[in-house]
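Novice: Residue numbers (the working numbering), protein chains in the order written: chain A, 344 to 736; chain B, 1368 to 1620.
Backbone N, C-alpha and C define an ideal beta-carbon position, used for all residues, glycine too.
Below is a structure I'd like to ask you about.
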Amino acid sequence: MKNYSFNLRKFLIERFGDELRYFPVAFGLLLLFIFFSLQSDVFFTSRNINNLLIQSTVTGIIALGLVFVLLVGEIDLSVAATSGVASVFMSKLIVDFGFPIPIAIFLGIFFGVLIGMTSGRWVTLIGVPSFVVTLGAGMLLNGVQLLLLPRTGRYNLLNTGVDKIAATYISGFYALVLVLMTIIVYALFKIFSLRSRLKVGLSVSYLHNFFIPIGFVSFFIFGTYLFLINLKGIPMPVIIFLFLLFASSYVANNTKFGLSLYAIGNNIEGARRAGINVNRVKLLAFAIAGGFSACAGILAASRILGVSVSSGGGIGGGSLLLESIAAAVIGGVSLFGGRGKIIGALFGALIIATVSNGLNLMGVGNELKLVVTGLLLILAVSADKGLERFTNV
Amino acid sequence: MHPLVSLENVHKSFGGVKALNGVTINLYPGEIVGLVGDNGAGKSTLIKMISGVLQYDEGKYIYEGKNKNIKGPLDASRLGIQTVYQDLSLCNNLDAVQNLFLGREESLPWWSGYKIKRAVCEVKAKEVLKKLRLENISLKREVGAMSGGQRQNIAIARSLLYQPKVILFDEPTAALSFSAAKKVSNIIRELSDQNLAILIVSHDIHKFIMDITDRIEVLRLGKIAGSFKTNETTGIQIVNTMVGGNENTNLSG
Chain A
344 MKNYSFNLRK FLIERFGDEL RYFPVAFGLL LLFIFFSLQS DVFFTSRNIN NLLIQSTVTG
404 IIALGLVFVL LVGEIDLSVA ATSGVASVFM SKLIVDFGFP IPIAIFLGIF FGVLIGMTSG
464 RWVTLIGVPS FVVTLGAGML LNGVQLLLLP RTGRYNLLNT GVDKIAATYI SGFYALVLVL
524 MTIIVYALFK IFSLRSRLKV GLSVSYLHNF FIPIGFVSFF IFGTYLFLIN LKGIPMPVII
584 FLFLLFASSY VANNTKFGLS LYAIGNNIEG ARRAGINVNR VKLLAFAIAG GFSACAGILA
644 ASRILGVSVS SGGGIGGGSL LLESIAAAVI GGVSLFGGRG KIIGALFGAL IIATVSNGLN
704 LMGVGNELKL VVTGLLLILA VSADKGLERF TNV
Chain B
1368 MHPLVSLENV HKSFGGVKAL NGVTINLYPG EIVGLVGDNG AGKSTLIKMI SGVLQYDEGK
1428 YIYEGKNKNI KGPLDASRLG IQTVYQDLSL CNNLDAVQNL FLGREESLPW WSGYKIKRAV
1488 CEVKAKEVLK KLRLENISLK REVGAMSGGQ RQNIAIARSL LYQPKVILFD EPTAALSFSA
1548 AKKVSNIIRE LSDQNLAILI VSHDIHKFIM DITDRIEVLR LGKIAGSFKT NETTGIQIVN
1608 TMVGGNENTN LSG
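Shown next, in the form of structure tokens:
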């Protein structure tokens, strides 16, 4: 019996250190869902889940980009401001200069990438802490945003075509094809990596490396599909978020660039000695954060049909900045670099959106919403810390 | 026999401080050389110069009889000169395989975003660990959770991946237990038997340097103060040369 419990402990330690690392966050999310479903009849309905998912996309996409910067042990406090200024820049191109929509969107995102690269270059070249550089950049960009806006303080995007992005739903046959394609691509990817292991004579666990991950992904994607399909279909912002999530996850977990993010975050000197171009990797991380922030800003503009002074969370980034950082951190990404997974941004963003959405339905005021979100942030990080101690014995 | 690597009459200053003042050192295949000296004697400067991290102000870097211009660690690495750093240079959040291949992973072409060939790396990692008789090291565990000895062994294994000819060890036993240090000694011995040239910087003269090396070079104030065949000298003599004391006085405690 003693022997058995020892093995169970070892099993738990190994699993929690690895694939079950997200179990507590996912479990927390599940508890929140159950709690709010009991509190409000409206919470667990297609319409509300649809809203909740859309609400989580803007924060989620910014958090996703932020994860890259956090992994190398830096921070970008200008992500919210970048999302604001990029969306205003795009709107100006469309409304004042008559640019075609796709080109304006491309230039908006490119503007975000450029902002990220400039911050990254400044950090690596001059050696000023990213906290300071991006804090300053955020204020500067808030100023630029005001300069770009017309006297009215607002660009209206209704009927320009940009508004269509957030209003588009993939439904019916196409939605089913999209869902199945996603699952098939993921399965093919898993088969490909299993085959490469078998080819060189390594052992493989079909259960752990194929059936469990495929099962999870299929369950969630298919479940979401079934839940949303009888309303309007799958909202475009959610599709964009999930696409960026899968792409980022692939890059961070499988590529040389991804591995160098983790290496730099843990031991920058060691990474340098191993021949990694540390400055270039950091620059790219900031560029990704900038580009993703711009995407999020454009989505937000599309959803609220325009841009204004308050785009990008308003002056200082407001709650958009705080919630994006909180989402990444709740999702298990360390502020000290080298720790955390991309998928954490999804969990974090969903938790924040769920709390906000659920408390709204309960008729709770903004003051309590802030208190609860703050407590959750501290709780999530504490749970993660405890788990880290448990798995490092 | 010609030396594999020699630094001839090298000088190096940091501002007004003369760290190395006309030092010559030769490394031969199959020989283990100990480099000892008091703090500030210039050991680190010399080892960094051989590994290409630092460049000399004056002098010559000769490899297999030819003058070389070493501009950085990668140049030295291409010649087959590898360094095992004192801090081991490992990333604690990565596993053994990832650490072994860091910066040199085999990958698929650009269209895959340079996807790492994890399976190939794992097989190669197994091979090199087997060669060192370290099969018991878990490939998938974060190295941060491993013991000091295991971490040291991974750092050594990393230096062996690309058929090196020279390995420089900076304080390889400083943080290890007696038994772990013994194991590292055995590994270094075996590498030397495979005809690698080995240079070890260490403060552990009596138990480690006297036990493992064939020759000992003593640095003092940026100059070679003495060069000894290990089997013809004593730990006391080495320590006295290090501190510039009288040979008849036992300063080693």
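Roughly how many angstroms lie between the CA atoms of residue 1603(B) and residue 1376(B), to the nearest whole one?
Specialist: Stepping through the second sequence from its first residue, residue 1603(B) is reached at position 236. Stepping through the second sequence from its first residue, residue 1376(B) is reached at position 9. Each residue's Cα considered, the two are about 28 angstroms apart.
Novice: Comparing alpha-carbon positions, which option in 1551(B), 1436(B) and 1378(B) lies nearest residue 1413(B)?
Specialist: One-based indexing of the second sequence puts residue 1413(B) at position 46. The shortest C-alpha separation from residue 1413(B) is found at 1378(B).
Novice: Measuring straight from C-alpha to C-alpha, what distance separates residue 517(A) and residue 1446(B)?
Specialist: Locating residue 517(A) in the first sequence gives position 174, where the first residue counts as 1. Locating residue 1446(B) in the second sequence gives position 79, where the first residue counts as 1. Those two C-alpha atoms are separated by around 58 angstroms.
Novice: Using a Cβ-Cβ cut-off of 8 angstroms (strictly less than) and excluding sequence neighbours within five positions of residue 570(A), which residues of its own chain qualify?
Specialist: In the first sequence, counting from the first residue as 1, residue 570(A) sits at position 227. For residue 570(A), where only same-chain residues beyond five positions count, the Cβ hits under 8 angstroms are 389 and 392.
Novice: I want to verify the contact list: residues of chain D whose CB lies under 7 angstroms from the CB of residue 543(A), in sequence order.
Specialist: Absent here is chain D; the protein component of the structure consists of chains A and B.
Novice: Quick one: is residue 468(A) buried, meaning 16 or more other Cβ sit within 10 Å of its Cβ, or exposed?
Specialist: Taking the first sequence and counting its residues from 1, one reaches residue 468(A) at position 125. Note on residue 468(A): under 16 other CB atoms within 10 angstroms of its CB, so exposed under the neighbour-count rule.
Novice: State the DSSP-derived secondary structure class of residue 1536(B), mapped to helix, strand or coil.
Specialist: Position 169 of the second sequence, counted from the start, is the residue given in the question as residue 1536(B). If DSSP states are grouped into helix, strand and coil, residue 1536(B) belongs with the strands.
Novice: Which parts of the stretch 437-493 of chain A are runs of the alpha helix (DSSP H), unbroken and 4 residues or longer, counting only runs that do not cross its ends?
Specialist: 444-469 and 473-491
Novice: Could you check where the beta strand (DSSP E) with residue 1587(B) kicks off and where it finishes?
Specialist: The residue labelled residue 1587(B) in the question sits at position 220 within the second sequence. Run containing residue 1587(B): 1582-1587, per the beta strand (DSSP E) assignment.
Novice: Counting only runs of 4+ residues fully inside the stretch 667-701 of chain A, write out the alpha helix (DSSP H) ranges in chain order.
Specialist: none
Novice: Tell me whether residue 1432(B) is buried or exposed, calling it buried when 16 or more other Cβ atoms sit within 10 Å of its Cβ.
Specialist: As a position in the second sequence, residue 1432(B) is number 65, starting the count at 1. Answer is exposed; the Cβ neighbour count stays below 16.
Novice: Please classify residue 507(A) as buried or exposed, where buried requires at least 16 other C-beta atoms within 10 Å of its C-beta.
Specialist: For the purposes of this step, residue 507(A) is identified with residue 164 of the first sequence, where counting begins at 1. It counts as exposed.
Novice: Over the uninterrupted alpha helix (DSSP H) stretch that includes residue 1495(B), give me the two end residues.
Specialist: Here residue 1495(B) refers to the residue found at position 128 of the second sequence. Its alpha helix (DSSP H) spans residues 1485-1498.
Novice: Can you tell me which residues form a DSSP beta bridge with residue 1394(B)?
Specialist: The residue labelled residue 1394(B) in the question sits at position 27 within the second sequence. Note: residue 1394(B) sits in a beta bridge opposite 1372(B).
Novice: Hey, could you find the ends of the beta strand (DSSP E) residue 1402(B) is sitting in?
Specialist: Working through the second sequence from its first residue, we reach residue 1402(B) at position 35. Its beta strand (DSSP E) spans residues 1399-1404.
Novice: Using only CA atoms, which one of 1569(B), 1368(B) and 1534(B) lies nearest to residue 1559(B)?
Specialist: In the second sequence, counting from the first residue as 1, residue 1559(B) sits at position 192. Out of 1569(B), 1368(B) and 1534(B), 1534(B) has the C-alpha closest to the C-alpha of residue 1559(B).
Novice: Against chain B, which members of the stretch 664-694 of chain A pass a CB distance test of less than 8 angstroms?
Specialist: The residues in question are 681 and 682.
Novice: With residue 1550(B) as the anchor, note down where its alpha helix (DSSP H) starts and where it stops.
Specialist: To locate residue 1550(B), count along the second sequence from 1; it is residue 183. Segment 1545-1560, the alpha helix (DSSP H) holding residue 1550(B).
Novice: For residue 463(A) versus residue 629(A), is the C-beta spacing smaller than 8 angstroms?
Specialist: Residue numbering aside, residue 463(A) sits at position 120 when the first sequence is read from its first letter. Residue numbering aside, residue 629(A) sits at position 286 when the first sequence is read from its first letter. Against a cut-off of 8 angstroms, the Cβ pair of residue 629(A) and residue 463(A) comes out as a contact.
Novice: Step through the CB atoms of chain A and report whether any lies within less than 8 angstroms of the CB of residue 1620(B).
Specialist: Working through the second sequence from its first residue, we reach residue 1620(B) at position 253. In this prediction, residue 1620(B) has a pLDDT of 47, which is less than 50 and means its spatial position is unreliable; what the coordinates show is noted afterwards. With 8 angstroms as the cut-off, residue 1620(B) does not count as an interface residue toward chain A.
Novice: Just the C-alpha distance for residue 1620(B) and residue 1526(B), rounded to the nearest angstrom, thanks.
Specialist: Numbered from 1 along the second sequence, position 253 holds the residue referred to as residue 1620(B). Numbered from 1 along the second sequence, position 159 holds the residue referred to as residue 1526(B). With a pLDDT of only 47 at residue 1620(B), under 50, the local geometry of the prediction cannot be trusted, and the value read off the model is given with reservation. One C-alpha to the other measures close to 35 angstroms.
Novice: Measure the C-alpha to C-alpha separation of residue 489(A) and residue 481(A) and round it to an integer number of angstroms.
Specialist: Taking the first residue of the first sequence as position 1, residue 489(A) is located at position 146. Taking the first residue of the first sequence as position 1, residue 481(A) is located at position 138. Going from the Cα of residue 489(A) to the Cα of residue 481(A) covers about 13 angstroms.
Novice: Just the C-alpha distance for residue 465(A) and residue 1590(B), rounded to the nearest angstrom, thanks.
Specialist: Start at 1 with the first residue of the first sequence, and residue 465(A) comes out as number 122. Start at 1 with the first residue of the second sequence, and residue 1590(B) comes out as number 223. If you take the alpha carbons of residue 465(A) and residue 1590(B), they lie about 42 angstroms apart.
Novice: Assign residue 1368(B) to buried or exposed, taking buried as 16 or more other Cβ atoms, counted over all protein chains shown, within 10 Å of its Cβ.
Specialist: Locating residue 1368(B) in the second sequence gives position 1, counting from the first residue. That one is exposed.
Novice: Determine, for residue 632(A), whether the minimum Cβ-Cβ distance to residues of chain B falls below 8 angstroms.
Specialist: The residue labelled residue 632(A) in the question sits at position 289 within the first sequence. Output row for residue 632(A): interface = no.
Novice: Along chain B, which residues have their Cβ under 9 angstroms away from the Cβ of residue 600(A)?
Specialist: In the first sequence, residue 600(A) corresponds to position 257, counting from 1. Result: 1480 and 1481.
Novice: Using the C-alpha atoms, what's the distance from residue 1424(B) back to residue 1388(B)?
Specialist: Locating residue 1388(B) in the second sequence gives position 21, counting from the first residue. Locating residue 1424(B) in the second sequence gives position 57, counting from the first residue. Distance between the alpha carbons of residue 1388(B) and residue 1424(B) is about 10 angstroms.
Novice: Which of the three DSSP states, helix, strand or coil, is assigned to residue 1449(B)?
Specialist: For the purposes of this step, residue 1449(B) is taken as residue 82 along the second sequence, with counting starting at 1. Strand.
Novice: Against chain B, does residue 616(A) count as a neighbour if the rule is that its beta carbon must be under 8 angstroms from one of theirs?
Specialist: As a working note, residue 616(A) is residue 273 in the first sequence. The C-beta of residue 616(A) comes closer than 8 angstroms to at least one C-beta of chain B.
Novice: Note down the Cα distance separating residue 385(A) from residue 369(A), rounded to an integer number of angstroms.
Specialist: Within the first sequence, residue 385(A) is the residue found at index 42, counting from 1. Within the first sequence, residue 369(A) is the residue found at index 26, counting from 1. The alpha-carbon atoms of residue 385(A) and residue 369(A) are separated by roughly 22 angstroms.
Novice: Please determine if the stretch 701-710 of chain A and the stretch 435-449 of chain A are in contact, where contact requires at least 3 C-beta pairs separated by less than 8 angstroms.
Specialist: no
Novice: So if DSSP puts residue 1378(B) in a beta bridge, which residue, or which two residues, is it bridged to?
Specialist: Along the second sequence, read from residue 1 onward, the residue named residue 1378(B) stands at position 11. Residue pairing of residue 1378(B) in beta bridges, as defined by DSSP: 1388(B) and 1425(B).
Novice: Between residue 712(A) and residue 693(A), what straight-line distance do the alpha-carbon atoms span, to the nearest angstrom?
Specialist: As a position in the first sequence, residue 712(A) is number 369, starting the count at 1. As a position in the first sequence, residue 693(A) is number 350, starting the count at 1. Cα to Cα, residue 712(A) sits roughly 15 angstroms from residue 693(A).
Novice: Near residue 504(A), which residues of its chain fall below 7 angstroms by C-beta distance, leaving aside the five closest residues on each side in sequence?
Specialist: Numbered from 1 along the first sequence, position 161 holds the residue referred to as residue 504(A). Excluding residues within five positions, the ones whose Cβ falls inside 7 angstroms are 444.
Novice: Kindly list, in the order they appear in chain B, the residues whose Cβ is closer than 7 angstroms to that of residue 613(A).
Specialist: Here residue 613(A) is taken as the residue at index 270 of the first sequence, counted from 1. Near residue 613(A) (Cβ distances below 7 angstroms), the residues of chain B are 1456, 1457 and 1458.
Novice: Determine whether the beta carbon atoms of residue 438(A) and residue 487(A) lie at a separation below 8 angstroms.
Specialist: For this step, residue 438(A) is matched to residue 95 along the first sequence. For this step, residue 487(A) is matched to residue 144 along the first sequence. In this structure, residue 487(A) does not lie closer than 8 angstroms to residue 438(A) by Cβ.
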